[in-house]
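S.K.: Residue numbers (the UniProt record's numbering): 1 to 177.
In structure tokens form, the structure reads like this:
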């Protein structure tokens with residue numbers, strides 16, 4: 001274990017003398033070994049942090065699209081879908097799910113307005129399966145009805161059993177007008 005004073009500026013000093021990357025804070029994974037990096041007081045600046053276990057939090061289903069987002073518990077078998085909640089690793093947790101159809105339809109969920117910030121990150125745990133064309137995109141915009149900018153996309157299936165895929169992306173957010 002490392003003395004906390006030996007941690008780099010881009011690391012978090014755990015009370016048990018461990019140094020973890022700041023990028024690992026508030027990601028629902030106990031990196032310190034005592035859940036210190038996941039406690040509410042540590043994660044006060046983690047805007048829109050949501051496990052979806054209790055609700056959609058401050059995310060809203062876009063009613064202008066045909067896809068039907070729902071919160072659901074894990075599947076019984078990997079053939080059907082994820083067998084645990086990816087955010088917390090629990091079989092009792094819930095996650096957002098869109099039922100596939102014969103004809104792909106857009107399904108959107110809208111996040112809250114975020115203040116301008118450097119290094120804003122989004123972390124996704126996702127599973128894409130089914131016959132093509134399928135895609136998952138993260139978009140931003142700076143005006144209520146403004147043009148959307150794609151900042152991340154995934155178009156390939158996650159190959160079934162490789163269902164835990166994570167992405168962390170730093171974004172530079174402009175002012176929302």
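Think of the CB as a built atom: it goes at the ideal place given N, C-alpha and C, for glycine as much as any other residue.
How long is the line joining the alpha carbons of residue 56 and residue 36, rounded to whole angstroms?
M.R.: Residue 56 and residue 36: Cα-Cα distance of roughly 25 angstroms.
S.K.: Within its chain, find whatever has a CB closer than 7 angstroms to the CB of residue 31; leave out the 5 residues flanking it on each side and keep chain order.
M.R.: 20, 24, 37
S.K.: Once DSSP output is grouped into helix, strand and coil, what is the label at residue 30?
M.R.: coil
S.K.: The beta strand (DSSP E) with residue 13 in it runs from where to where?
M.R.: 11-13
S.K.: Could you check which residue in 111, 155, 67 has the C-alpha nearest to that of residue 58?
M.R.: 111
S.K.: Nearest by alpha-carbon distance to residue 85: which of 41, 51, 142 is it?
M.R.: 51
S.K.: What separation, rounded to the nearest whole angstrom, lies between the Cα atoms of residue 4 and residue 54?
M.R.: Model confidence at residue 4 stands at a pLDDT of 44, short of 50, so the residue's coordinates are unreliable; what they give is reported in the following sentence. Looking at the two C-alpha atoms, the distance is approximately 35 angstroms.
S.K.: Inspect the beta-carbon positions of residue 99 and residue 68 and report whether they are closer than 8 angstroms.
M.R.: yes
S.K.: Apart from the five residues just before and just after residue 108, which ones in its own chain have a Cβ nearer than 6 angstroms to its Cβ?
M.R.: 62, 65
S.K.: If you follow the beta strand (DSSP E) that residue 72 is part of, which residue opens it and which one closes it?
M.R.: 69-72
S.K.: Whose C-alpha, out of 42, 29, 28, is nearest the C-alpha of residue 15?
M.R.: Checking every option, the nearest Cα to that of residue 15 belongs to 42.
S.K.: Can you tell me whether residue 123 is helix, strand or coil according to DSSP?
M.R.: strand
S.K.: Taking only the alpha-carbon atoms, compute the straight-line gap between residue 10 and residue 22 and give it to the nearest angstrom.
M.R.: 6 angstroms
S.K.: Taking all protein chains shown into account, decide if residue 18 is buried (16 or more other Cβ within 10 angstroms of its Cβ) or exposed.
M.R.: buried
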